[in-house]
Amino acid sequence: MIRAKIYHGLFYFYVALVFVFVFLPILTSFVFSFNSERFPTIPLGHFTLHWYTLAFTDADVWDAFKVSLIVSLSVAFIATFLGFCTAYTDYRYNFFGKSAYLALSLLPPTIPLVIMGLAMLALLARIGMSGKIISIIVSHVVLCSPFAMAIVRMRLAQIDPNLESAAWNLGASQWRTMREVIVPFCAPALISAFCLTAAVSFDEFAVAWFVSGLNKTVPVIILEILQGNTDPRINAIGSVVFVTSITLIILAQIIYMRKSTRKTLTGF
Amino acid sequence: MPIVVWQLVFFVFPLLFLLLMSFWLVKNYRMVPGFDSVNWIKMYGKGYFWDGYWRTLGYAGITTVITSVLAFPCAFALAFKVSPTVRRWAMFFLIVPFFTSYLVRIFSWQIFLNDNGIINVLLSSIGLGPFSMLNTFFGTVVGYLTLCLPLAVVLQLISLSNVDQRLIEAAHNLGCGSFRTVFAVIIPLAKIGIIVAAVFCFILSFGDFVSPYYLGGSKPPTLSILIIDTTKSGQQWPRAAVVAITMIVTLFAIMFTAIALAYRRRS
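Chains as they are written, first to last, in the numbering used here: chain X, 513 to 780; chain R, 111 to 377.
This is the structure we're talking about:
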């Protein structure tokens, strides 16, 4: 009995250790964003908002936030739409070459980001599209739509397959069925796909670094600060980004859970 | 099928273009379309390219093993030793890191691993150190783990949660010890998930440039650092393309081998 308890304790201890490793850097960044010392180490200096003021009085940082916001919202919109179409096609139809179709839609995350960055830059530069906001959007949609597809596909797996046929039998056109049955059923998945792809795009730095040119996003600014000397502004910007992303994620999670439970209860 | 068009135009096409570009020439700092294998010959003839190649493979391989081994006890405990509520929360908290800036986390590790960083200050207060950890292989591995560990735990946890509990009980009833149950019953049953997790660790650490650069000190370079250096300094894009294509081919070969291994039926 005692041995079993010790084992149990050891397991808990190990899990705790893993979580400490995972969250230590995130929390540290928070703490040091308020620390007065120029060189971040212990013992801590006093509390200050200096790094926040320094970071957010910089016009470049504001511009980067603007670019990031435009990019991530557009990416989320397009990627969610594409992801939904792919997921629905996979759910509804069987056709020749379907596995190639799925591979094409799910493969992008397996290509290293540096290579995607180089490939996108090479192509976009050739057709005169590099260094624009649209070039970041296009590349990010490639990276993000597989995630959207996966989320929507999971939701579609829960749908009652007879529902659609029932709607058709009752005289609804294919479009109307899509609009009034499928899309409302998928709504929670669509919203969380939107939030997740927005968050992924908001954090992506490698491809953005290659293709963005002068339209830097927030992570590209962070990367450039990182290349210079130790600079606690990273912690300030990083904390703001973190709070933004986490808010999006939690929102997505809450909406998904609330909507999907309610919908199933009311018979959907 | 809008996604097919989109992915063809902006995913397959760029990669094919990369392949094409690897045969182009650079004259007077400008790329000239052509069909010449000179970039391949030049790049494959360079000692530093092959050093980088094997180093990157080695780093990714070691990281994959370390991550899988470190993740397993955690995933195991979360799958079998805790209540479903705890498991759900753990899952949620393991997904959170994906949406925090990897760069910021790496910067935090610099604060820890620096010669005057938190760890060394703590160690010196008990009379140890200083140890140099930044710009070493150890630093690189810490970075890779930051990237891979949460994902590995999540993927392993998903496959362990799908293991049929009755089979584990059956093993116990038949007198199989705890350790033997893990290795003879649970791991074979969760094989696919464990391998998929390992493949993702490999993909991520093989392609990542941030950890070897900002925690490992960038010298000697890995292949992704080589790509960046070749692209950003000067116009040697065709040679960077050679490195990139080599990386993709290597990755796909390893991915397919691993997946085939995962789905192989036991004879």
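Each residue gets a CB set at the ideal place from its N, CA and C atoms; glycine is no exception.
Quick one: list the residues of chain X neighbouring residue i, beta-carbon separation under 8 Å, in chain order.
{"i": "R:Phe300", "result": "Sequence inspection shows Ala at residue 300 of chain R; the Phe mentioned does not correspond to that position. What R:Ala300 touches in chain X: nothing, since even the nearest Cβ is about 17 Å away."}
{"i": "R:Arg140", "result": "By Cβ distance, chain X contributes nothing, its closest Cβ being about 12 Å from R:Arg140, past 8 Å."}
{"i": "R:Val263", "result": "Val530"}
Looking only at C-alpha atoms, which of the options sits nearest to residue i?
{"i": "X:Ala660", "options": "X:Pro621, X:Ile645 and X:Ser685", "result": "X:Pro621"}
{"i": "R:Ser242", "options": "R:Gly253, R:Asp225 and R:Ile236", "result": "R:Asp225"}
{"i": "R:Val383", "options": "R:Val353, R:Ile358, R:Val359 and R:Trp347", "result": "For chain R, the structure presents residues 111 to 377; residue 383 of chain R sits outside this window and is missing."}
{"i": "R:Phe222", "options": "R:Met201, R:Ser211, R:Asn245 and R:Phe202", "result": "R:Asn245"}
{"i": "R:Val115", "options": "X:Tyr526, X:Arg550, X:Val653 and X:Pro555", "result": "X:Val653"}
{"i": "X:Ser545", "options": "X:Tyr524, X:Thr756, X:His558 and X:Val534", "result": "X:His558"}
{"i": "R:Thr341", "options": "X:Ile645, X:Glu676, X:Ile746 and X:Leu630", "result": "X:Leu630"}
{"i": "X:Ala571", "options": "X:Val730, X:Gly750, X:Leu529 and X:Cys656", "result": "X:Val730"}
{"i": "R:Val122", "options": "X:Ala612, X:Gln765 and X:Phe697", "result": "X:Ala612"}
{"i": "R:Gly168", "options": "R:Asn149, R:Leu129 and R:Phe316", "result": "R:Phe316"}
{"i": "R:Thr250", "options": "R:Ser132, R:Gly303, R:Val136 and R:Ile172", "result": "R:Ile172"}
For chain R, check one thing: does any of its Cβ atoms lie closer than 8 Å to the Cβ of residue i?
{"i": "X:His520", "result": "yes"}
{"i": "X:Leu777", "result": "With a pLDDT of 42 at X:Leu777, under the threshold of 50, the predicted position of this residue should be treated as unreliable, though the coordinate-derived value follows. Answer no: the Cβ-Cβ gap between X:Leu777 and chain R never drops below 8 Å."}
{"i": "X:Met666", "result": "no"}
{"i": "X:Val752", "result": "no"}
{"i": "X:Asp715", "result": "yes"}
{"i": "X:Tyr768", "result": "no"}
{"i": "X:Val532", "result": "no"}
{"i": "X:Ser617", "result": "yes"}
{"i": "X:Tyr526", "result": "yes"}
{"i": "X:Thr709", "result": "no"}
{"i": "X:Thr689", "result": "no"}
{"i": "X:Phe780", "result": "Reliability fails at X:Phe780, whose pLDDT of 39 lies under 50, so the model's placement of it is uncertain and no value is given."}
{"i": "X:Tyr603", "result": "no"}
{"i": "X:Phe577", "result": "no"}
{"i": "X:Ser757", "result": "yes"}
{"i": "X:Ile627", "result": "yes"}
{"i": "X:Val650", "result": "yes"}
{"i": "X:Ile734", "result": "yes"}
{"i": "X:Phe546", "result": "no"}
Can you look up residue i in the DSSP assignment and give me helix, strand or coil?
{"i": "X:Lys578", "result": "helix"}
{"i": "R:Arg374", "result": "coil"}
{"i": "R:Arg140", "result": "strand"}
{"i": "X:Leu726", "result": "coil"}
{"i": "R:Phe145", "result": "coil"}
{"i": "R:Asn272", "result": "coil"}
{"i": "X:Asn674", "result": "helix"}
{"i": "R:Leu244", "result": "coil"}
{"i": "X:Leu618", "result": "helix"}
{"i": "R:Phe203", "result": "helix"}
{"i": "X:Asn547", "result": "strand"}
{"i": "X:Phe523", "result": "helix"}
{"i": "X:Ile518", "result": "helix"}
{"i": "R:Leu128", "result": "helix"}
{"i": "X:Leu777", "result": "Note that X:Leu777 has pLDDT 42, beneath the 50 cutoff, so the model's placement of it is unreliable and no number is given."}
{"i": "R:Leu51", "result": "With chain R running from 111 to 377 in the structure shown, residue 51 of chain R is simply not present."}
{"i": "X:Phe559", "result": "strand"}
{"i": "R:Met99", "result": "With chain R running from 111 to 377 in the structure shown, residue 99 of chain R is simply not present."}
{"i": "X:Glu716", "result": "coil"}
{"i": "X:Tyr768", "result": "helix"}
{"i": "X:Ile746", "result": "helix"}
Less than 8 Å between the CB atoms is what I'm expecting for residue i and residue j, so what's the real figure, rounded?
{"i": "X:Trp721", "j": "X:Val732", "result": "5 Å"}
{"i": "R:Glu270", "j": "R:Ala185", "result": "The displayed chain sequence assigns Leu, not Glu, to residue 270 of chain R. Indeed they touch by this definition, with Cβ atoms about 6 Å apart."}
{"i": "R:Ser334", "j": "X:Pro624", "result": "6 Å"}
{"i": "X:Ser757", "j": "R:Thr256", "result": "About 16 Å separates the two Cβ atoms, so there is no contact after all."}
{"i": "R:Ile205", "j": "R:Val264", "result": "7 Å"}
{"i": "X:Thr693", "j": "X:Glu676", "result": "Note that residue 693 of chain X corresponds to Val in the displayed sequence, not to Thr. Going by Cβ atoms, the distance from X:Val693 to X:Glu676 rounds to 6 Å, so yes, they are a contact pair."}
{"i": "X:Ser651", "j": "X:Val719", "result": "5 Å"}
{"i": "R:Arg165", "j": "R:Thr332", "result": "6 Å"}
Listing by chain order, which chain X residues have their CB less than 7 Å from the CB of residue i?
{"i": "R:Ala280", "result": "Correct list: empty, because the minimum Cβ distance to chain X is about 20 Å."}
{"i": "R:Val231", "result": "Thr553 and Ile554"}
Counting only beta-carbon atoms, is residue i nearer than 8 Å to chain X?
{"i": "R:Pro260", "result": "yes"}
{"i": "R:Pro207", "result": "yes"}
{"i": "R:Leu128", "result": "yes"}
{"i": "R:Ile221", "result": "yes"}
{"i": "R:Cys184", "result": "yes"}
{"i": "R:Lys191", "result": "yes"}
{"i": "R:Ile364", "result": "no"}
{"i": "R:Phe312", "result": "no"}
{"i": "R:Leu135", "result": "no"}
Give the residues of chain C in contact with residue i, contact being defined as C-beta atoms less than 7 Å apart.
{"i": "X:Met632", "result": "As a matter of chain content, chain C is missing from the structure shown, whose protein chains are X and R."}
Which residues in chain X have a C-beta closer than 9 Å to the C-beta of residue i? List them in chain order.
{"i": "R:Met153", "result": "Result: empty, since nearest Cβ-Cβ is about 14 Å, beyond 9 Å."}
{"i": "R:Asn226", "result": "Phe551 and Thr553"}
Is residue i near the ligand COA, with its Cβ less than 7 Å from a heavy atom?
{"i": "R:Ala363", "result": "With respect to small molecules bound, the structure shown includes none, and the ligand COA cannot be examined in it."}
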